[in-house]
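**Q** What follows is a structure written as structure tokens; I'll ask about it next.
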Amino acid sequence: MTEVPATPVPAVPVVPEGVTAFEVFHVREGAFGVEGSGDTSGFGGLVELMHMPEPSARPYGGWFDAVADELELSLTARGIDPQSAIEKVVVDREEISFFIRRELLVGVLSALRDEPGLRFEFSSGVSGVHYPSDLNREFHAAYHLLSISHNRRIRVEVTAPASDPHIPSSVSVYPTNDWHERETFDLFGIVFDGHPVLTRILMPDDWPGHPQRKDYPLGGIPVEYKGATIPPPDQRRSYNA
Amino acid sequence: MTTEDVKYTSAPSQSDDAYAGVNDDVDGRIFNVGGGDWDSITVAPEGETERIVVNMGPQHPSTHGVLRLILEIEGETVTEARCGIGYLHTGIEKNMEYRSFVQGVTYATRMDYLAPFYNEAVYCLAVEKLLGVTEQIPERATTIRVIMMELNRISSHLVALATGGMELGALTAMTFGFRERELVLELFELITGLRMNNAYIRPGGVATDFPADGVQQIRDTIPLLRKRLKDTGNLLIDNNIWMGRTSGIGYLDLTGCMALGISGPILRATGFPHDLRKSQPYCGYENYEFDVVTADTADAYGRFLIRIGEMEQSLRIVEQALDRLQPGPVMIEDKKIAWPSQLSVGSDGQGNSLDHIREIMSESMEALIHHFKLVTEGFRVPEGQVYTAIESPRGELGCHLVSSGGTRPYRVHFRDPSFTNLQSVAAMCEGGQIADVIAAVASIDPVMGGVDR
Chain A
60 MTEVPATPVP
70 AVPVVPEGVT
80 AFEVFHVREG
90 AFGVEGSGDT
100 SGFGGLVELM
110 HMPEPSARPY
120 GGWFDAVADE
130 LELSLTARGI
140 DPQSAIEKVV
150 VDREEISFFI
160 RRELLVGVLS
170 ALRDEPGLRF
180 EFSSGVSGVH
190 YPSDLNREFH
200 AAYHLLSISH
210 NRRIRVEVTA
220 PASDPHIPSS
230 VSVYPTNDWH
240 ERETFDLFGI
250 VFDGHPVLTR
260 ILMPDDWPGH
270 PQRKDYPLGG
280 IPVEYKGATI
290 PPPDQRRSYN
300 A
Chain B
-10 MTTEDVKYTS
0 APSQSDDAYA
10 GVNDDVDGRI
20 FNVGGGDWDS
30 ITVAPEGETE
40 RIVVNMGPQH
50 PSTHGVLRLI
60 LEIEGETVTE
70 ARCGIGYLHT
80 GIEKNMEYRS
90 FVQGVTYATR
100 MDYLAPFYNE
110 AVYCLAVEKL
120 LGVTEQIPER
130 ATTIRVIMME
140 LNRISSHLVA
150 LATGGMELGA
160 LTAMTFGFRE
170 RELVLELFEL
180 ITGLRMNNAY
190 IRPGGVATDF
200 PADGVQQIRD
210 TIPLLRKRLK
220 DTGNLLIDNN
230 IWMGRTSGIG
240 YLDLTGCMAL
250 GISGPILRAT
260 GFPHDLRKSQ
270 PYCGYENYEF
280 DVVTADTADA
290 YGRFLIRIGE
300 MEQSLRIVEQ
310 ALDRLQPGPV
320 MIEDKKIAWP
330 SQLSVGSDGQ
340 GNSLDHIREI
350 MSESMEALIH
360 HFKLVTEGFR
370 VPEGQVYTAI
380 ESPRGELGCH
390 LVSSGGTRPY
400 RVHFRDPSFT
410 NLQSVAAMCE
420 GGQIADVIAA
430 VASIDPVMGG
440 VDR
């Protein structure tokens, strides 16, 4: 029996040159237990890649096409090239997301708010997501916009690399995003350039680190009960999938 | 305190920190808090009027929990008002990433503790939308959700009136408000077993069906509630003192509301009838007849009138929902998602139903495995993200849920209306009197558990 050399599994697989890389959502390693727990089931060696949804092709269906058309027209009228501003459009579960290049975010948001055909006058805030496996797009900021005039809801998503976690502030367009951006900065460390006072809002001012990042541990202390010790939740042996 | 204690704390230690114990670390900068004369602490610059910054809260009884208001005042006039929040931050969103989708309900319900059913509902609607099973939720479960949510709107608005009244000195409003809320909480206790933090609405349906006398108890309570709500209204609506304290206070017009993302009664007090139950119905709200209550005063008094009116509308919806309630299952049929057992009340309290325990422990090995897998691992939710929004008593409550295809949420974010609405404090209070800050904040009705999450 020939010996198979053990090859370490790279946490993020290498994509060959010239191949369009899928955006990796999440890399799932193992299915059971914490790492190095002596798992004998074999599932511990599993590496699964979870992918971002692929860009949708037209027609998007319903009013989505009308919004996309109107957005492209109004961007052109404002001197912004829609092709470069809109990275991709994803229609998933009856919701439409516009992925916008971060440099052009404020211009796109003003168009979305002001154009009569769009009129997304109400912002439901900003929500950050940390995807450590989505290389050079680790931080996502999702802006949920509501048009009360047309009764439509869309999502605008912007990404920033972990090496340069900067996104232009949208407070000048949507003043309500003031606290939402502060919260996203506090919990993810995304710096919103141009925000009037980008300070921590939920955590204490001198807190080190940004708790909602995926590499920030949950924390917690072991609990002792009737002589047995139960480890904190993120260190328990549990199903990872 | 013994003499030894005194010596221990007052003895001069190694450095300039008079209060350091022998084992305390005295390296670095040391802050001592002591008394002193105001003039020796701050000297007003020449030619400038005195500028005083007052912290109202976080422990002030009139600040609705641990809200800290930082007020810059000139005499009795507030020149600048800012909020300090975060004192109740418990990391609910982070914690939910480490628990299965069903366990998440237990966390979500604790955010806005006056409106637990709304937190649960918005989260469960998001999970169901990600699963793609929104259409498969049984009719009875959806109707029960509506009943619980509307009863919850009444109990939440009653607290808003009660605490708001108390803060302005209307103590009868407080005793009335809490007395009426008790009626609703008794219904919650009867149906869910708990008065708050119910974790009753679950992905796929609700935790357990109404008890045998549940519907009748609600029907019996409604007339009493209606009569007493009318009393509370009569007590305050034409009350000169109440109007004097709230009319024209905390003014915020439609433009301000739109810019600041304000929703709920504050937005409707500007005369704009925006209500997600009407514009983007969920849980079958399009099948109920009710009015969107508005006012055109854009002040604290208008918001009070709206809350009074909305409670009446909620009773209307509950009555219609009770009429629509048909026998049937309260949990989704899909056994890969549905919680395997129903709750029941036994001699030793609430727990899994005895029939179910008998089945898994002594009749069916497969049922036991199924129960174990679903309870410990939970169900998988396909990759993707959704944003769901419902009309909570305070405005648009949203849930941005991201799943990586596993059994736990990848990221959950709640857009709590209290958080957003609190941003309007500066716009409402600056230029007014200190006493009016209390009335304005009470009319915003922030719940810090939701603000800080």
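Those protein sequences? They're chains A and B, same order as listed.
Taking the working numbering, I'd label the letters of the first sequence as residues 60 to 300.
Taking the working numbering, I'd label the letters of the second sequence as residues -10 to 442.
Yeah, the Cβ is synthetic: ideal placement off N, Cα and C, and Gly gets one too.
This structure is a prediction, so every number in the text was calculated from the model and none was measured.
(1) Report back the beta-carbon spacing between A:F84 and B:E372 to the nearest angstrom; my notes put them in contact at under 8 Å.
(2) With three or more beta-carbon pairs closer than 8 Å as the criterion, would you say the stretch 201 to 215 of chain A touches the stretch 218 to 229 of chain B?
(3) Comparing C-alpha positions only, which one of B:N108, B:M45 and B:L58 sits nearest to B:R442?
(4) Since B:L390 and B:A378 should fall inside the 8 Å C-beta cutoff, what is the C-beta to C-beta distance between them, to a whole number of angstroms?
(5) Strictly under 8 Å for the Cβ-Cβ distance: is A:S231 near chain B by that measure?
(6) Quick check: the stretch 220 to 237 of chain B against the stretch 401 to 417 of chain B, are there 3 or more CB pairs under 8 Å?
(7) Can you tell me which of the three DSSP states A:H85 falls into?
(8) Can you list, in chain order, the residues of its chain with a C-beta nearer than 6 Å to that of B:T152? Leave out the 5 residues immediately preceding and following it.
(9) Opposite A:T288 in the DSSP bridges: which residues?
(10) Can you tell me whether B:M350 is buried or exposed, with buried defined as 16 or more other CB within 10 angstroms of its CB?
(11) Kindly identify the DSSP beta-bridge partner or partners of A:K147.
(12) Pull up the distance between the alpha-carbon of B:I238 and that of B:A431, whole angstroms please.
(13) So what does DSSP say about A:D15, is it helix, strand or coil?
(14) Would a C-beta distance cut-off of 8 Å place A:I159 and A:I145 closer than the cut-off?
(15) Tell me whether A:R272 sits in a helix, a strand or coil according to DSSP, three-state version.
(16) Determine, using beta carbons only, whether A:G286 comes closer than 8 Å to chain B.
(17) Anyone know if the C-beta pair for B:V148 and B:R170 falls short of 8 Å?
(18) Looking at the unbroken beta strand (DSSP E) that takes in B:I295, where does it start and where does it end?
(19) According to DSSP, simplified to helix, strand and coil, what is B:M232?
(20) What separation, rounded to the nearest whole angstrom, lies between the Cα atoms of B:R129 and B:K267?
(21) Taking Cβ-Cβ distances below 7 Å as the criterion, which residues of the stretch 382 to 405 of chain B are in contact with chain A?
(22) I'd like to know whether the C-beta atoms of A:S231 and A:V148 end up nearer to each other than 8 Å.
(23) Pick from B:L103, B:R88 and B:E419: whose alpha carbon is nearest that of B:L363?
(24) What span of residues does the beta strand (DSSP E) with B:Y102 cover, start to end?
(25) For the beta strand (DSSP E) containing B:N44, list its first residue and its last residue.
(26) Rounded to whole angstroms, what is the Cα-Cα separation between B:T283 and B:A70?
(27) Does the stretch 289 to 301 of chain B come within contact of the stretch 112 to 124 of chain B, defined as at least 3 CB pairs closer than 8 Å?
(28) Would you kindly report the start and end of the unbroken beta strand (DSSP E) that includes A:G187?
(29) Would you check if the distance between the CB atom of B:V67 and the CB atom of B:G384 is smaller than 8 Å?
(30) Check the Cβ of B:Q92 against every Cβ in chain A and list those closer than 8 Å, keeping chain order.
(31) Which chain A residues are close to B:M437, counting only those with a beta carbon under 9 Å from its beta carbon?
(32) Give me the Cα-Cα distance between A:P291 and A:P281, rounded to the nearest whole angstrom.
(33) Is it true that the CB of B:Q125 sits closer than 8 Å to the CB of B:I321?
(34) Using a Cβ cut-off of 7 Å, pull out every chain B residue sitting near A:F181, in sequence order please.
(35) According to a CB-to-CB cut-off of less than 8 Å, which residues of the stretch 107 to 133 of chain B neighbour chain A?
(36) What is the DSSP secondary structure of A:M262, reduced to helix, strand or coil?
**A** Based on what the coordinates show:
(1) 6 Å
(2) Verdict: no, contact absent.
(3) B:N108
(4) With 8 Å as the limit, B:L390 and B:A378 do not qualify as a contact, their Cβ atoms being about 12 Å apart.
(5) Closer than 8 Å to the CB of A:S231 there is not a single CB belonging to chain B.
(6) no
(7) In the structure shown, A:H85 sits in a strand (DSSP, three-state: E or B).
(8) Nothing listed; no residue qualifies.
(9) A:E283
(10) Exposed, since its Cβ has fewer than 16 Cβ neighbours within 10 Å.
(11) A:F158
(12) 11 Å
(13) Since the first residue of chain A shown is 60 and the last is 300, residue 15 of chain A is not available in this structure.
(14) When the beta-carbon positions are compared, A:I159 and A:I145 come within less than 8 Å of each other.
(15) coil
(16) no
(17) yes
(18) Run containing B:I295: none in the beta strand (DSSP E); it sits in the alpha helix (DSSP H), A289 to R313.
(19) helix
(20) 21 Å
(21) Cβ contacts with chain A come from E385, G387, H389, V391, S393, G394, G395, T396, Y399, R400, H402 and R404.
(22) In this structure, A:V148 does not lie closer than 8 Å to A:S231 by Cβ.
(23) B:R88
(24) For B:Y102, there is no enclosing beta strand (DSSP E), since its DSSP letter is neither H nor E.
(25) I41 to M45
(26) 28 Å
(27) no
(28) Start and end: F181 to H189.
(29) Result no, Cβ atoms of B:V67 and B:G384 do not sit closer than 8 Å.
(30) Taking a Cβ-Cβ cut-off of 8 Å, B:Q92 has no neighbours in chain A, whose nearest Cβ is about 10 Å from it.
(31) None at all; the shortest Cβ gap to chain A is about 11 Å.
(32) 5 Å
(33) yes
(34) M247 and G250
(35) Using a CB distance below 8 Å, the part of the stretch 107 to 133 of chain B facing chain A consists of K118, L119 and G121, ordered along the chain.
(36) coil
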